[in-house]
Structures are given as structure tokens and as C-alpha cells.
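Enquirer: In the working numbering, the protein residues as written are 3 to 209. Before I ask anything, here is the structure I am working with.
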DNA sequence: AAGAAGATTCGCT
DNA sequence: GCGAATCTTCTTA
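So this is what it looks like as C-alpha cells:
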């Protein structure tokens, strides 16, 4: 039977820190099929994560590569914290930290399938098109009301921004080089749910 | 002090 | 497909 992913009657189990892998590669795969939830006032925004990118230790494209600074400090928190930064003047990127405290690494959330709060997301995004609400990291952040206020939040605390497991079986996960990078462009560090139309990037990367 | 680059998006051709 | 928008951070191109 087809699983209904549009119903608000959805079983969302809050992920605890002990549920998370303590490894950047494993975290990037693990997050595919999980749900990102942001409770803003009385409205719940939620979306199923369908695409991620790993920025592991030693990656010269990673923001932690040259050590800890005020901007990237959140990357050095325990696994399951949010690292949010602004790029190109107007876009926010949401990452989930993925290594033990003191080690800077994370996973970028690149695309998601909207579940709850779709009307609100449409307003934030300025478009009705479901497929475009969170397809791309900047769009995902805008749809989910993620900005610098979310930087450093613990996604495993009882806060408004959290991760959930639906209990559904994960679909097959594909891998490819990352998108939009010059450094380390050869590495296979992007993960996506195969065949999911909410995944971003060119078709050639989504086989 | 100034300039380039950047984990992107949107609108136009 | 291409280029502008937009602004913070890091480098000295």
C-alpha cells in the first residue's frame, strides 16, 4: 500500500543523540529519509530529507578546514547540532554536525520533500510549486524558516527545531560528487534518494 | 584597505 | 544557458 506522506496524522519520533551515527559519511546517508521539523509558533513545518552532502574532517571545501572561527564555531559542537551560515548574500545553508565535540565537520541538507505547513512554506518561498519549495539548500532553509537564529541549536534537545524518524523504510540511496564546489570536486560525498523528484541537481548526477 | 570568492537562486534570452 | 544580486569572510590574486 502506498504510504501517505501528506497526512498530518504522521508518526514522528524525535531522534535522540544516541540514535545518530558519530561519523560524517554515515550521518549524510543516515539523514536521507529522516524528517526535519521546525515548530514556529502554532505552525509545524516539516519536510522529508531527500538529499545531503558530507563535509568531513580534512575536506578543504569544509568550513572547518582552517580551524575554528566565530562563524564556524557551531561545526565543532556534538553531533546533532545546527550549523547555519549565509552564502551569496541572501541564502542560508543548514548543516547537521556529525563528529564528536571539538571536531569540526557536518552534513549539508540540500533538498527535502514538504510535509506539514505547506501553505506557510509557499508564503515564505513566494511560490505555489510544491516541487520548488525545498529543492536546493537555500530553498530548503527558506521554506523551513531557517536563518542565523538557528545557528548552534541542538536538534536533539526539546527545542523547536528537531529531527524525526518516521519508521518508514528508506528508499535506495544514490551517491555522486557534490554540487557547486571547486575544491575537492571529485569526491563522492553527495547522497540522494533515488527516483525522488524533490532531489536537486542535474539528471546526470541523479542516476 | 581593498578585492575576490563563495556549499545559490532567479529572471531573462 | 548565463549573469546579476548581495554580503560576509578570508586573502593579499
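Note that CB positions come from ideal geometry on N, CA and C, so glycine has one too. Predicted model, so just to flag it, every value in this text is computed and none were measured.
#1: Per the contact definition of three or more C-beta pairs closer than 8 Å, is the segment 105-116 in contact with the segment 131-149?
#2: Quick check: residue 139 and residue 110, are their CB atoms within less than 8 Å of each other?
#3: Our contact map puts residue 208 next to residue 194 with C-beta atoms below 8 Å; I'd like the distance itself, whole angstroms only.
#4: Just curious, the beta strand (DSSP E) that residue 209 is in, first and last residue?
#5: Helix, strand or coil: how does DSSP classify residue 9 here?
#6: Run the CB neighbour count on residue 150, radius 10 Å, all protein chains shown included, and call it buried at 16 or more, exposed below.
#7: For residue 95, does the three-state DSSP call read helix, strand or coil?
#8: Under the three-state reduction of DSSP, which class applies to residue 57: helix, strand or coil?
Expert: According to the structure data:
#1: yes
#2: yes
#3: 6 Å
#4: No beta strand (DSSP E) contains residue 209, which DSSP labels as neither H nor E.
#5: Any reading at residue 9 must be qualified, since the residue scores a pLDDT of 48, below 50, and its modelled position is unreliable; no value is offered.
#6: exposed
#7: strand
#8: strand
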